Each structure stands twice: as C-alpha cells, then as structure tokens.
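Asker: The listed protein sequences correspond, in order, to chains C and F. FYI, this note's numbering numbers position 95 of the first sequence as 95, with every residue one higher than the one before it. FYI, this note's numbering numbers position 112 of the second sequence as 112, with every residue one higher than the one before it.
There are 2 protein chains.
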Amino acid sequence: LLPTLSSAQNVEPTPNGIKYPTGLTNWRVIGTSIRNDNNTQRVILGNSIAIKAARSNTEKKQWPDGTILAKLVWKNETLPTWQAATVPGDFVHAEIMVRDTKKYASTGGWGFARWKGLELSPHGKDKEDAQQPCFECHKAAESTGFVFTQPAKMP
Amino acid sequence: LLPTLSSAQNVEPTPNGIKYPTGLTNWRVIGTSIRNDNNTQRVILGNSIAIKAARSNTEKKQWPDGTILAKLVWKNETLPTWQAATVPGDFVHAEIMVRDTKKYASTGGWGFARWKGLELSPHGKDKEDAQQPCFECHKAAESTGFVFTQPAKMP
Ligand code: HEC
Ligand code: HEC
C-alpha cells in the first residue's frame, strides 16, 4: 500500500546547489496558509527532524540542523460542487528551506530553493538570484528565526 | 526521529460507532481548502489506501473499501509577520469519512464522524445526529461519489 513514487525522480538542483528532496509529498503536515496578495493556498510540510521540532511542546520553535521545511503552492479555484469553498487549482511551485547554521550562515542559517510547476524546474538565474530574494523577504520573520509559519495546533 | 505520539490516545468513538484513527495527524496530504462561508481553512489527509487511490492516474477517483479521508479544520487568523497571509488559528475539529460500501450503504457507502476541539470530543447527540446531517450536505457531491475534494495536483 505504498504510494506511487513521485514522478519527480530526476529533478535538477537549484543554481545555489540545493537538491530536491525526493518523497517530499509524503512528508507530514506543519500547517496551511492562504496568500491574499496572490490568490494562492499552501500546505507546509516538514521532514522528520522538522516534524519532531514542530510537534514538541516548546513555545518558541527551535529548528535543528537537518530540518527541511517545505511548501506546496496552488492557485485558488472554486469548488464546482460547493461554490463557497476555494480549493487547489494549478500547481505553482514547491519551495524548501534547509537548516544548516554553518553552511548557510549568510542567509540566516537557511538554504532556500524553489522548483516551478509540476515539472519542477529549478528557480533562479544564478546562485544569488536563487536565494537572496527569498532571504530578503524572510527577514520580515527575523523574530521567529526567519520562518513565518508557526506550527498549526493539532490534536 | 519518530514524532511524538498524538496526545489523543483515548478518544471516545462517535455515537454512530466510529473510532478515531490514532496517528491521523501523521497521514499524507490529499489537498487543502478554504471555506469562505465560515472563515476556516483545512487540510485533507488520507490513510495509505486513500493516498494510493488519490495519487493514481485515473481521472475519476475510485475510493476502495478501507479508505479513510480526514480533514483538519482551523479558524482563519492573520499572520503577524505578514498581514497578507491567513494562517491556522484555533483548531475547530477533525472529521473523517470511512469507506465501507456494505456497512454504510444507507449513507452513500461512507461512515461520517467528527471530533471537536483539541480534546476531540465526539460530535452528535445520537447515531442519527452524528452522521445524517453530514450525508445530507455531502449529497451535493453525489457526482463525485459524495466526496467534495479532488486530489490536488502534485509533482
Ligand atoms: C514576498 C515575500 C516572500 C518571498 C520573496 C519569499 N517568501 Fe517564502 N514565505 C513568505 C511568507 C509570507 C510565508 C508564510 C506564509 C505562506 O506560507 O505563504 C513564507 C513561507 C515559506 C516557507 C515555509 C516556511 C516558513 O517560513 O513559513 C518556505 C519553505 C519558503 N517560504 C521558501 C521560500 C523560498 C525558497 C523563496 C524564494 C525562492 C521564498 N520563500 C521567497 C514570504 C516570502
Ligand atoms: C454544510 C455542508 C457540509 C456539512 C454539513 C458537512 N460537510 Fe463535510 N465537506 C463539505 C464541503 C464543502 C467539503 C469540501 C471542502 C472542504 O474541505 O471544506 C467537505 C469535506 C469533507 C471531508 C473531506 C473529504 C471530502 O468530501 O471532500 C470530510 C472527511 C468531511 N467533509 C466530513 C464531514 C463530516 C464527518 C460531517 C458531519 C459531522 C460533514 N462533513 C458535514 C460540506 C459539508
């Protein structure tokens, strides 16, 4: 009863040298979000290290080295059978943040990477372009370690 | 690196006799949704049988007996560090639909159950109340087997 393996077996790394984590779509949930400024909805996932940290009972989350946070983003679409529901339409991109405090010291201890579309084409013209704009925006979340997402409350 | 077990170890069954599936928060993602009529956001998860069906390449989804679809629902909240993002606030409830075409023949082949709040208290005054209103509403999705959710496109 294992799921079909991701079709994304041979995804190219991003120009800043980050590899796509195969099996990402099998990771557990940290939260969801809606971006009212660009008409998308998202799910935030984590690898095992991330999930352990996210589900620990500490008030301020500590993300240890090895953490990978991931986000899947879809365009909003109206559910035909229930017009008041907005559901995932086209797939926009997958993004990750990899925690390595030494390697990524210049970008807050996080390596940033994005792959676009269902074909997962790596984002960024060069190393700088692949990560710097991400980090610039994530500076708004400096008070929470450059991570916007606070793990959703779960039973 | 296994996650902390759910705190929800001794959850009461619903009045229609459905047990809470322990470990539900570790299940994989089928999709997300936003309900504009009640200011909530959701993630839809599935057990292994559900995920296999959801990720198969058939146009019209077939949900075999043993499928469990689950939904976690949160009140919308504004993300303090990015006001244009709406994120999960209070946890509202967990809901499941269990596929058993014989046992649940009178409700479209699905057993319905809801547990409210982080304490997961079972919903419904009696057997009828626990499932009938769910089924009545899900009749709007009869054309898709009483399931509203169409699996989100994933790489
Ligand atoms: C315009 C601002 C902005 C830019 C640019 C941006 N992000 Fe984010 N990012 C956000 C916000 C806001 C969130 C939280 C809400 C959400 O999930 O959309 C977020 C969330 C994330 C998350 C989930 C973890 C977290 O911090 O909440 C990842 C992973 C992520 N972004 C990666 C990236 C990558 C990779 C890039 C660049 C290729 C990037 N981001 C660029 C604003 C931005
Ligand atoms: C007022 C209408 C309405 C009622 C009542 C209702 N549902 Fe739903 N349900 C929906 C809609 C619309 C969706 C899809 C959008 C979403 O995820 O919210 C949905 C989705 C679900 C899903 C995810 C699978 C799917 O069909 O998309 C589950 C599980 C579920 N409902 C269980 C229940 C249970 C259990 C009850 C009763 C205790 C219930 N529902 C009552 C409208 C309803």
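Yeah, the Cβ is synthetic: ideal placement off N, Cα and C, and Gly gets one too. Since the structure is predicted, the reported quantities are computational estimates derived from the model, not experimental observations.
Near I49 of chain C, which residues of its chain fall below 7 Å by C-beta distance, leaving aside the five closest residues on each side in sequence?
Answerer: Start at 1 with the first residue of the first sequence, and residue 49 of chain C comes out as number 49. So the qualifying residues of the chain are P64, G66 and T67.
Asker: Secondary structure at T213 of chain C, three-state DSSP: helix, strand or coil?
Answerer: Absent from the structure is residue 213 of chain C, since the part of chain C shown begins at 1 and ends at 155.
Asker: Compute the minimum distance between the beta carbon of F91 of chain F and the heavy atoms of ligand 2, and state whether it is under 7 Å.
Answerer: Translated into positions along the second sequence, residue 91 of chain F becomes position 91. No.
Asker: Which residue comes first and which comes last in the alpha helix (DSSP H) that contains Q132 of chain C?
Answerer: Within the first sequence, numbered from 1, the residue matching residue 132 of chain C stands at position 132. Its alpha helix (DSSP H) spans residues K127 to H138.
Asker: Considering only residues of the same chain and omitting the five flanking positions on each side of R114 of chain C, which have a CB-CB separation below 6 Å?
Answerer: By 1-based counting over the first sequence, the position of residue 114 of chain C is 114. Excluding residues within five positions, the ones whose Cβ falls inside 6 Å are H93, E95 and H123.
Asker: Using alpha carbons as the reference points, say which of C:R28, C:T78 and C:T40 lies closest to I51 of chain F.
Answerer: Translated into the one-based positions of the second sequence, residue 51 of chain F becomes position 51. When each option's Cα is compared against that of I51 of chain F, the closest is C:R28.
Asker: Measure the alpha-carbon distance for K19 of chain C versus Y104 of chain F and round it to whole angstroms.
Answerer: Here residue 19 of chain C refers to the residue found at position 19 of the first sequence. Here residue 104 of chain F refers to the residue found at position 104 of the second sequence. Each residue's Cα considered, the two are about 46 Å apart.
Asker: On a CA-only basis, which of C:Q132, C:L118, C:G145 and C:A85 is nearest V43 of chain F? Give me that one, please.
Answerer: In the second sequence, counting from the first residue as 1, residue 43 of chain F sits at position 43. Selected option, being the one with the closest Cα: C:A85.
Asker: Alpha carbon to alpha carbon, what distance is there between T32 of chain F and M154 of chain F?
Answerer: Counting from one through the second sequence, the residue named residue 154 of chain F turns up at place 154. Counting from one through the second sequence, the residue named residue 32 of chain F turns up at place 32. Using only the alpha carbons, I get a separation of about 12 Å.
Asker: Determine the DSSP secondary structure at T107 of chain F, reduced to helix, strand or coil.
Answerer: Taking the first residue of the second sequence as position 1, residue 107 of chain F is located at position 107. In the structure shown, T107 of chain F sits in a helix (DSSP, three-state: H, G or I).
Asker: Does the Cβ of T22 of chain C have 16 or more other Cβ atoms within 10 Å, making it buried, or fewer, making it exposed?
Answerer: As a working note, residue 22 of chain C is residue 22 in the first sequence. T22 of chain C should be labelled exposed.
Asker: Flag this pair as yes or no: are the beta carbons of I30 of chain C and A54 of chain C separated by less than 8 Å?
Answerer: On the first sequence, position 30 is the one that residue 30 of chain C refers to. On the first sequence, position 54 is the one that residue 54 of chain C refers to. Cβ atoms of I30 of chain C and A54 of chain C: closer than 8 Å.
Asker: Step through the CB atoms of chain C and report whether any lies within less than 8 Å of the CB of D100 of chain F.
Answerer: Position 100 of the second sequence holds residue 100 of chain F. Output row for D100 of chain F: interface = no.
Asker: How would you list, in chain order, the residues of chain F whose beta-carbon sits under 7 Å from the beta-carbon of D37 of chain C?
Answerer: The residue labelled residue 37 of chain C in the question sits at position 37 within the first sequence. Here the neighbours are A84.
Asker: Under 8 Å by Cβ, that's how I've got N47 of chain C and G111 of chain C pegged, so tell me the actual separation to the nearest angstrom.
Answerer: Here residue 47 of chain C refers to the residue found at position 47 when the first sequence is read from its first residue. Here residue 111 of chain C refers to the residue found at position 111 when the first sequence is read from its first residue. The Cβ separation is near 13 Å, so there is no contact.
Asker: Under three-state DSSP, which class holds I49 of chain F?
Answerer: By 1-based counting over the second sequence, the position of residue 49 of chain F is 49. Here I49 of chain F sits in helix by DSSP.
Asker: Answer with yes or no whether the minimum CB distance from K153 of chain F to chain C is below 8 Å.
Answerer: As a first step, residue 153 of chain F must be located in the second sequence, where it is residue number 153. So, interface residue.
Asker: Is V147 of chain C a contact residue of ligand 1, with contact defined as CB to any heavy atom under 7 Å?
Answerer: As a working mapping, residue 147 of chain C is identified with position 147 in the first sequence. Yes, Cβ of V147 of chain C sits closer than 7 Å to a heavy atom of ligand 1.
Asker: Is R99 of chain F near ligand 2, judged by its Cβ being under 7 Å from some heavy atom?
Answerer: Looking up residue 99 of chain F in the second sequence gives position 99. Incorrect: R99 of chain F has no Cβ contact closer than 7 Å to ligand 2.
Asker: Starting from the beta carbon of A94 of chain C, find every residue of chain F whose beta carbon is closer than 7 Å, and list them in chain order.
Answerer: Locating residue 94 of chain C in the first sequence gives position 94, where the first residue counts as 1. Simply P155.
Asker: Tell me where the beta strand (DSSP E) around M97 of chain C begins and ends.
Answerer: In the first sequence, residue 97 of chain C corresponds to position 97, counting from 1. Unbroken beta strand (DSSP E) run through M97 of chain C: W82 to R99.
Asker: Which whole-angstrom value is the C-beta distance of W74 of chain C and A141 of chain F, which I expect to be below 8 Å?
Answerer: On the first sequence, position 74 is the one that residue 74 of chain C refers to. On the second sequence, position 141 is the one that residue 141 of chain F refers to. Not really, about 20 Å apart at Cβ, beyond 8 Å.
Asker: Ends of the beta strand (DSSP E) at E77 of chain C?
Answerer: Indexing the first sequence from 1 puts residue 77 of chain C at position 77. E77 of chain C -> beta strand (DSSP E) spans I68 to L79.
Asker: Tell me whether A54 of chain C sits in a helix, a strand or coil according to DSSP, three-state version.
Answerer: In the first sequence, counting from the first residue as 1, residue 54 of chain C sits at position 54. DSSP places A54 of chain C in helix when its eight states are reduced to three.
Asker: Quick check: the Cα distance between T78 of chain C and V87 of chain C, rounded to an integer number of angstroms?
Answerer: Translated into positions along the first sequence, residue 78 of chain C becomes position 78. Translated into positions along the first sequence, residue 87 of chain C becomes position 87. If I take the Cα positions, the gap works out to 6 Å.
Asker: Any beta carbon from chain C within less than 8 Å of R114 of chain F's own beta carbon?
Answerer: Within the second sequence, the letter at position 114 stands for residue 114 of chain F. No, no contact with chain C.
Asker: Hey, A130 of chain F and T25 of chain F: beta-carbon distance below 8 Å or not?
Answerer: As a position in the second sequence, residue 130 of chain F is number 130, starting the count at 1. As a position in the second sequence, residue 25 of chain F is number 25, starting the count at 1. No; because the gap between Cβ atoms is not below 8 Å, this pair is not in contact.
Asker: Is the CB of L118 of chain F under 8 Å away from at least one CB in chain C?
Answerer: Here residue 118 of chain F is taken as the residue at index 118 of the second sequence, counted from 1. Cβ-Cβ to chain C under 8 Å: yes for L118 of chain F.
Asker: Could you have a look at A141 of chain F and say whether DSSP puts it in helix, strand or coil?
Answerer: Residue 141 of chain F sits at position 141 when you count from the first residue of the second sequence. In the structure shown, A141 of chain F sits in a helix (DSSP, three-state: H, G or I).
Asker: Cβ atoms of T107 of chain C and F135 of chain C: under 8 Å apart, would you say?
Answerer: Position 135 of the first sequence, counted from the start, is the residue given in the question as residue 135 of chain C. Position 107 of the first sequence, counted from the start, is the residue given in the question as residue 107 of chain C. Yes, the pair counts as a contact, with Cβ atoms nearer than the cut-off.
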